[in-house]
Structure formats: C-alpha cells, structure tokens
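Notes for the one structure printed next.
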C-alpha cells in the first residue's frame, strides 16, 4: 500500500505534492535538477488564447515572509503550449493540471476545449483571478454568479475534470466556493495570492511597475489554512491546498484543515528541490504523528466534522 497515494477526480496521485502554477514554468528548468516524475502532479504555467508578454518590470519584490509578484500571466499562448510545452512533458510519468486564464468566457472555453485534448493533461485548473473585460473589468473570482457561470460553461466543453482556483481577495470566500461547486466544479484549489503593494522609500513610488502584486509565501499560510477549513466544511468536492507551504508540517496542516492534496509555490524559488524533499520527508513525520495514510487522514478529518 502506498500511504502517500491520493485519488482525486481525474487524478491518481502517487503522492500529494505538486508545484503550483506559475512557480514551475512548464517543468523544463526543474527537470535539470531532479526526475520530475517523482511529483504527484504538475500545475503548469497559465495558458491563454494568445501569447502574453506579461507586465512591465520590475514585477517581483521580496517581503519579510514571502514575495510580491505581478508577472501578468506571461505565456507563449495555447498553440505553442499544445505543440511544444505539453509534448515535452510526455516523457515524464506525471499527470498535468493545466492552468487556464482569459479575459472573457469565450477565451476560457476556447483554451479549455483545446488543452483538455492533450493526452497528459488530466485536469484543468480554472484561474478565475483574471478581469472579465465584458463585465467592466470585474474579476471572475470575486463575484459568485460570474464564477459559477464560467465554471458551468467550461464544464460543458472540457474533456477532463475542472478544478476552480479561488481568490482570497474577497469578503467571504464561502459563497463563491458553494456556487462553483453547484455549477459543476470537480474540485477547488486555494488559495491564490493576496493583493499587496510595496513602496520604494527613495523614489517614493511603488516598487512594482504594476503598482500592486500578489503576495505569496509563509506570510499567507494562516489565511490559506483558515479559508481551506471554512470551505471544506461546506463543500463535498476535494480541495488542493496551497499558500506558504515550505515544510512537511505545512503539508499536514493543510490536510488537517481539509485539503486532499497540496501545491507548493514560492518555496520552489528558494529551494528548487523542495518538492522531492517534502515527498521524502512525509512518511517519517506521519509516523511521528500516528498517521497511517493520507487517504485515512482525509477521511478522519471529514468524520470529525
């Protein structure tokens, strides 16, 4: 029995550890450091209909317990991703979760329909932090009705399960989670980054050219834990937890909040080997805490509610 194995819609994970989208590119750089087939899955960089150059620089700033970024979803576009990036990952024995973004519902559905045809794409992660240009720039993820409509539309055309990545930049994340579940989402991933800003004292201007960016890293872990627990108590679909994961204890804390798998983001930038280290270290810590398997831990957390 593989005590780290987890079964999720569309995903048979040999272990629960996967790099979060935007923090691992399309895997090529990290494959130089270790066999990425060790990973439970890979959430690849966001795909959009057209290539995007991203935001002007500087677009990354350090903070005491994490980092701010405003990359702007830089990516080569769906056609190059389908013809080059995804085929390059086929030699690895690891399922791919394709992160998809767009400005309109048609953007999302076009990319989802196309990318779900790739043989190694086993699930879609719907990035709903993008502005909906047809609704005056409102972010898809901040309005429960808009988020649900997008989820429903994507579910009609996607050939693989759909996980919706929820934004923490809302007053109450629970109604949004419930609505996207009702619209047919197969799972959730949470949380995305928190909106933040830093200012250069000498220039008196924001450090990021975009002015604001997404805060990630250890600083946001308590927020992630709180939101995962809130949402897991009201939905019946699995949650891939993320937000400030650096240690095996962070992984297990996500589980005890209600997650069923864990994505690692910012930690990949400080330690490119962090994911295999977490996979290697989990069994010993599980022994110390009396955890027989992750599947049983998920069940125990559910039954305790």
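Residue numbers (the working numbering): 9 to 313.
Idealized CB from N, CA, C, for every residue including glycine.
Review point. Going by other Cβ atoms of all chains shown within 10 Å of its Cβ, with 16 needed for buried, is residue 40 buried or exposed?
Key: Answer is exposed; the Cβ neighbour count stays below 16.
Check your understanding: In or out: residue 207 buried (at least 16 other Cβ within 10 Å) or exposed?
Key -> Residue 207 comes out exposed.
Practice item. Could you work out which residue in 238, 235, 276 and 58 is closest to residue 254 when comparing CA atoms only? Key: When C-alpha distances from residue 254 are compared across 238, 235, 276 and 58, the shortest belongs to 276.
Check your understanding: Rounded to whole angstroms, how far is the Cβ of residue 170 from the Cβ of residue 132, which I believe are closer than 8 Å?
Key -> 5 Å between Cβ atoms; contact.
Practice item. Report the residue from 29, 80 and 298 whose alpha carbon sits nearest the alpha carbon of residue 219. Key: Residue 219 has its Cα closest to that of 80, out of 29, 80 and 298.
**Study point:** Spatial neighbours of residue 103 in its chain, beta-carbon cut-off 6 Å, leaving aside the 5 residues before and after
**Key:** Here the set comprises 19, 49 and 130.
**Study point:** Contact under 8 Å by Cβ, residue 249 with residue 74
**Key:** No, Cβ-Cβ distance for residue 249 and residue 74 is not below 8 Å.
Check your understanding: For the beta strand (DSSP E) that contains residue 224, what are its first and last residues?
Key -> Counting along the chain, the beta strand (DSSP E) containing residue 224 begins and ends at 221-224.
Check your understanding: What is the DSSP secondary structure of residue 323, counted as helix, strand or coil?
Key -> What the structure shows of the chain is the stretch from 9 to 313, and residue 323 is not part of that stretch, so it cannot be assessed.
Check your understanding: What's the C-alpha gap between residue 202 and residue 77?
Key -> Straight-line spacing of the CA atoms in residue 202 and residue 77 works out to 10 Å.
**Study point:** Residue interval of the beta strand (DSSP E) (run including residue 170)
**Key:** Here the beta strand (DSSP E) through residue 170 covers 170-173.
Exercise for review: Would you give the residue range spanned by the beta strand (DSSP E) that residue 247 belongs to?
Suggested key: According to the DSSP assignment, residue 247 belongs to the beta strand (DSSP E) that extends over 247-250.
Check your understanding: Just checking my contact of residue 251 with residue 228 at CB under 8 Å: how many whole Å lie between their CB atoms?
Key -> Taking a contact as a CB-CB distance under 8 Å, the pair residue 251 and residue 228 counts as one, their CB atoms being some 5 Å apart.
**Study point:** Endpoints, the beta strand (DSSP E) within which residue 70 is located
**Key:** First-last of the beta strand (DSSP E) with residue 70: 68-71.
Review point. Can you tell me where the alpha helix (DSSP H) with residue 183 in it begins and where it stops?
Key: 181-190 is the span of the alpha helix (DSSP H), which, as asked, contains residue 183.
Exercise for review: Return the chain-ordered list of same chain residues with a C-beta closer than 6 Å to the C-beta of residue 113, the five sequence neighbours on each side being excluded.
Suggested key: For residue 113, where only same-chain residues beyond five positions count, the Cβ hits under 6 Å are 158 and 161.
Review point. What is the DSSP secondary structure of residue 276, reduced to helix, strand or coil?
Key: It is helical.
**Study point:** Nonlocal neighbours in the same chain, by C-beta distance under 7 Å from residue 176, ignoring five residues either side
**Key:** Only 199, 200, 202, 231 and 235 meet the Cβ criterion.
Practice item. Note the first and the last residue of the continuous alpha helix (DSSP H) segment covering residue 284. Key: Start and end: 282-296.
Review point. How big is the Cα-Cα spacing for residue 12 and residue 302?
Key: Residue 12 and residue 302 have their alpha carbons spaced roughly 6 Å apart.
**Study point:** Cβ-based neighbour list, residue 61, same chain, cut-off 7 Å, excluding 5 preceding and 5 following
**Key:** In the same chain as residue 61, and ignoring 5 residues on each side of it, the C-beta atoms closer than 7 Å to its own belong to 82, in chain order.
Practice item. Kindly list the residues whose CB is nearer than 6 Å to the CB of residue 118, restricted to its own chain and excluding five residues on each side of it in sequence; keep chain order. Key: Same-chain partners within the cutoff: 57.
Check your understanding: Exposed or buried, which one is residue 166 when buried takes at least 16 other CB atoms within 10 Å?
Key -> Buried is the call here.
Review point. Do residue 65 and residue 217 have their CB atoms nearer than 8 Å?
Key: Going by beta carbons, residue 65 and residue 217 fall inside the 8 Å limit.
Point to revise | Residues of its chain near residue 197, where Cβ-Cβ distance is below 6 Å and the 5 sequence neighbours each way are ignored | key: 133, 171, 173 and 248, listed in sequence order.
Point to revise | Identity of the residues DSSP links to residue 234 by a beta bridge | key: Looking at the DSSP output, residue 234 shares a beta bridge with no other residue.
Exercise for review: Spatial neighbours of residue 214 within its chain, please: CB distance less than 8 Å, with the 5 preceding and 5 following residues excluded, ordered by chain position.
Suggested key: Its chain contains 205, 206, 207, 208 and 220 as the residues whose beta carbon lies nearer than 8 Å to that of residue 214, once the 5 sequence neighbours on both sides are disregarded; these appear in chain order.
Review point. Where does residue 204 sit, in a helix, a strand or coil, going by DSSP?
Key: Strand, per DSSP.
Review point. Would you report the Cα separation of residue 107 and residue 72, rounded to the nearest angstrom?
Key: Rounded to whole angstroms, residue 107 to residue 72 spans 28 Å at the Cα level.
Practice item. Please state if the CB of residue 105 and the CB of residue 149 are separated by a distance shorter than 8 Å. Key: No. Outside cutoff.
Practice item. Output the boundary residues of the beta strand (DSSP E) element that contains residue 131. Key: DSSP places residue 131 in the uninterrupted beta strand (DSSP E) bounded by 129-135.
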